[in-house]
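When the letters of the sequence shown are read in order and numbered with our numbering, they come out as residues 23 to 236.
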Amino acid sequence: MVRAGRVTVDGVTACAADEKVGAQACIRVDGETLPSGAPVYLMLHKPQGVVSATEDGREQTVLALLPDRYRRMGLFPVGRLDKDTEGLLLLTNDGALAHRLLAPRRHVDKTYFVRVEGTLDAADQAAFASGLSLRDGLVCMPAELEILQPPETALVTLREGKYHQIKRMMAARGKPVRYLKRLRMGPLTLDEHLSPGAWRELTEGEKNALFGEL
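What follows is the structure in structure tokens.
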């Protein structure tokens, strides 16, 4: 792009790809200003059918939902949602923050809306609260199950994030998951104005809350 004359620095066409520029320099590619080198934090309403990855040879990834300028920033999803699960997903290029959010000792709460096959009841609530032991050997931490109306729907809050965890827990109760949506992760709540596939940058208040919790 530099050789083709497509890059400018403070209004002057760049001559060499290894040219050193200041942190505050205004860099444009094809006339479009690149964001500064500050970390980026995006809230995405991940839709169903998209994988939580930066690259995939067969499936559409969450990064494919973003404009080109964001794809060049080294963003990645913090954690993952299954392909058929929708909801809140944080994208960032801040590796230190991601590490802290995902560290097992942090036990960051995550809340999901779930719809199952069958009817949820007090016995299911008690089983979740006590910590389920699954047949495959996973011993789950105590979790909160708030039954909604109709009673095949609920809010589930986990303090960990094992592979397919809610699906496995519900299957252990004989009530397979039919729909799953993440609503909250730590202090972040999914913006109700974001339709599936839509995204926005975190507000200053959301970033402060995120760093304040950690």
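For each residue, glycine too, the CB sits at the ideal point set by N, CA and C.
Computed from a predicted model, the values in this text were never measured in an experiment.
In the three-state scheme derived from DSSP, where H, G and I count as helix and E and B as strand, leucine 202 is classed as strand. Only residues of its own chain outside the window of five on either side were considered, and among them Leu205 have a CB closer than 7 Å to the CB of threonine 211, listed in chain order. For glycine 109, the enclosing beta strand (DSSP E) starts and ends at 108-114. Within the model, the alpha-carbon separation for glycine 53 versus isoleucine 169 is close to 53 Å. When the five nearest sequence neighbours on each side are left out, the beta carbons in the same chain lying within less than 7 Å of the beta carbon of glycine 183 are those of Gly101 and Lys132, in order along the chain. Membership of lysine 189 in any beta strand (DSSP E) is not indicated; the residue belongs instead to the alpha helix (DSSP H) covering 187-194.
Around the Cβ of histidine 215, a 10 Å sphere holds fewer than 16 other Cβ atoms; the residue is exposed. Shown here, lysine 229 sits in a helix according to DSSP, grouped into three states.
Judged by DSSP secondary structure, leucine 180 falls within the beta strand (DSSP E) whose first and last residues are 175-180. In this structure, leucine 232 sits away from arginine 190, with a CB-CB distance that is not shorter than 8 Å.
Non-local C-beta neighbours of leucine 154 in its own chain, meaning closer than 7 Å and more than five positions away in sequence, comprise Cys162, Met191 and Ala194, ordered along the chain.
A straight line joining the alpha-carbon of glycine 33 with that of aspartate 106 spans about 46 Å. For valine 72 against leucine 87, the beta-carbon gap comes to about 7 Å, under 8 Å, which counts as contact. Contact check for leucine 142 against glutamate 174 passes: the beta carbons are separated by less than 8 Å. Straight-line measurement puts the Cα of lysine 68 at about 16 Å from the Cα of arginine 93. Under a 10 Å Cβ-count criterion, aspartate 90 is classified as exposed, with fewer than 16 other Cβ atoms of the shown protein chains found around its own Cβ. Remark: C-beta atoms of glycine 27 and leucine 123 do not approach each other more closely than 8 Å.
Within its own chain, the residues whose Cβ lies closer than 6 Å to the Cβ of leucine 180, once the five positions on either side in sequence are excluded, are Lys132 and Ala165, listed in chain order.
Within a 10 Å sphere around the beta-carbon of methionine 65 sit 16 or more other beta-carbons, which makes this residue buried. Straight-line measurement puts the Cα of arginine 127 at about 19 Å from the Cα of leucine 112.
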